[in-house]
Amino acid sequence: FREQFGLSVSAYLQQVRITHAKQLLRNPAVKTYQVAEQVGISDSKYFSQLFKKATGMTPTEYRNFNYKG
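In case it helps, my numbering puts the sequence shown at residues 3 to 71.
Written out as structure tokens, the structure reads:
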């Protein structure tokens, strides 16, 4: 898998989850914990930590940035 995609399976899965979460966060009606559940992460605090590590912003900051911008 690493040779094909250049990432481990877990890193690839995390990247896919964050990409999908970004799309879901564009809808202000969907709560952050719902986004976490929809991308397969049951703990919303853990999701927020992963999201911030991957994007440099919390899910709320990302949503506000994209909603205004």
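Positions of the beta carbon are idealized from the N, C-alpha and C atoms, including for glycine.
Within its own chain, the residues whose Cβ lies closer than 8 Å to the Cβ of Leu27, once the five positions on either side in sequence are excluded, are Thr34, Val37, Pro61, Tyr64, Arg65 and Asn68, listed in chain order. In this structure Ala23 is buried. Its beta-carbon is surrounded by 16 or more other beta-carbon atoms within 10 angstroms. Taking a 10 Å sphere around the C-beta of Arg19, we find 16 or more other C-beta atoms and assign the residue as buried. The DSSP-derived three-state label of Lys24 is helix. Collapsing the DSSP output to three states places Leu9 in coil.
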